[in-house]
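Novice: Dropping a structure here in structure tokens format, bear with me for questions.
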Amino acid sequence: GEDVEQSLFLSVREGDSSVINCTYTDSSSTYLYWYKQEPGAGLQLLTYIFSNMDMKQDQRLTVLLNKKDKHLSLRIADTQTGDSAIYFCAVLNNQAGTALIFGKGTTLSVSS
Amino acid sequence: DAMVIQNPRYQVTQFGKPVTLSCSQTLNHNVMYWYQQKSSQAPKLLFHYYDKDFNNEADTPDNFQSRRPNTSFCFLDIRSPGLGDAAMYLCATSRDTGGGYEQYFGPGTRLTVT
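For the record, the sequence lines run as chains A and B. The working numbering puts the first sequence at residues 1210 to 1321. The working numbering puts the second sequence at residues 90 to 203.
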């Protein structure tokens, strides 16, 4: 089945850009998501990209999709301390049902 | 204006003692999901309801059951909790299934099994 991998930790300084990477195995994945989880809170959808797109930008967030390498990244520009959280990559194969397949999450730590 | 509410936020149960976790939603969404998230692991879908239709994931243990008495509420029943069932349980809702429909998550219930 689908496997989604992320690096576990990323540490950046306030004002720098953060890049969180994700790889997946199922080339049939049609939707690819980034979720944010703050301590004690549920998952919050940040953005998603459809598989026929290479890039999507939304304010400080830029998502890049390399379908050939099955690689997804999330870039956060001008990272703030409030961006400290766990970021989950998730993929969906629309033909295979409704299950979102999540990675284990990347803990982003932003220091001032 | 909480949209997906989970109660309780923290639940302690004894090994083998049945426990029920609750989820309610104010979004009037058709679909409600239950995910299990163990420590430092990815959330994993257990099952979902589309209206009254129950859809179980193939590898969800029989120990986990669910009920959806109406649109707003969905319950997760663990019949005989084992130590391995200690986890965060996340409820989510969406208007419909499929990639274009955002899943809205509740804050989760952290289950401890003693």
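Every residue, glycine too, gets a C-beta built ideally from N, C-alpha and C.
Please report the residue range of the beta strand (DSSP E) in which asparagine 1275/A lies.
Specialist: Where asparagine 1275/A is concerned, the enclosing beta strand (DSSP E) stretches over 1270-1275.
Novice: How long is the line joining the alpha carbons of glutamine 1253/A and asparagine 152/B, rounded to whole angstroms?
Specialist: Using only the alpha carbons, I get a separation of about 29 Å.
Novice: Can you give me the C-alpha to C-alpha distance between glutamine 1268/A and threonine 102/B, rounded to a whole angstrom?
Specialist: Glutamine 1268/A and threonine 102/B: Cα-Cα distance of roughly 44 Å.
Novice: Does asparagine 1302/A pass the burial test, meaning 16 or more other C-beta atoms within 10 Å, or should it be called exposed?
Specialist: Buried: at least 16 other Cβ atoms inside 10 Å.
Novice: Based on Cα-Cα distance, which residue from Ser161/B, Tyr124/B and Arg157/B lies nearest to aspartate 148/B?
Specialist: Cα-wise, what sits closest to aspartate 148/B is Tyr124/B.
Novice: As an exercise, report each continuous beta strand (DSSP E) stretch of at least 3 residues that is fully enclosed by the segment 161-193 of chain B, in chain order.
Specialist: Counting only runs of 3 or more, we get 162-167 and 176-183.
Novice: State the beta-bridge partners of asparagine 96/B as determined by DSSP.
Specialist: Answer by DSSP bridge pairing, in chain order: Ser111/B.
Novice: Between glycine 161/B and chain A, is there a C-beta pair that is closer than 9 Å?
Specialist: Inspection of the sequence shows that residue 161/B is occupied by serine rather than by glycine. With 9 Å as the cut-off, serine 161/B does not count as an interface residue toward chain A.
Novice: Run through DSSP, which three-state label would threonine 149/B get?
Specialist: Residue state, collapsed to three classes: coil.
Novice: How would you label methionine 1264/A, buried or exposed, when you count the other beta carbons within 10 angstroms and need 16 or more for buried?
Specialist: Exposed.
Novice: For a cutoff of 9 Å on Cβ pairs, would you count glutamine 192/B as touching chain A?
Specialist: Yes - at least one Cβ of chain A is within 9 Å of the one on glutamine 192/B.
Novice: Assuming the contact rule is C-beta atoms closer than 8 Å, valine 1221/A and cysteine 1298/A should be a hit. Round their C-beta distance to whole Å, please.
Specialist: That pair is no contact at about 18 Å.
Novice: So lysine 1265/A contacts chain B; which residues on that side make the cut at Cβ distance below 8 Å?
Specialist: Per Cβ cutoff of 8 Å: no residues; lysine 1265/A is ~14 Å from chain B at best.
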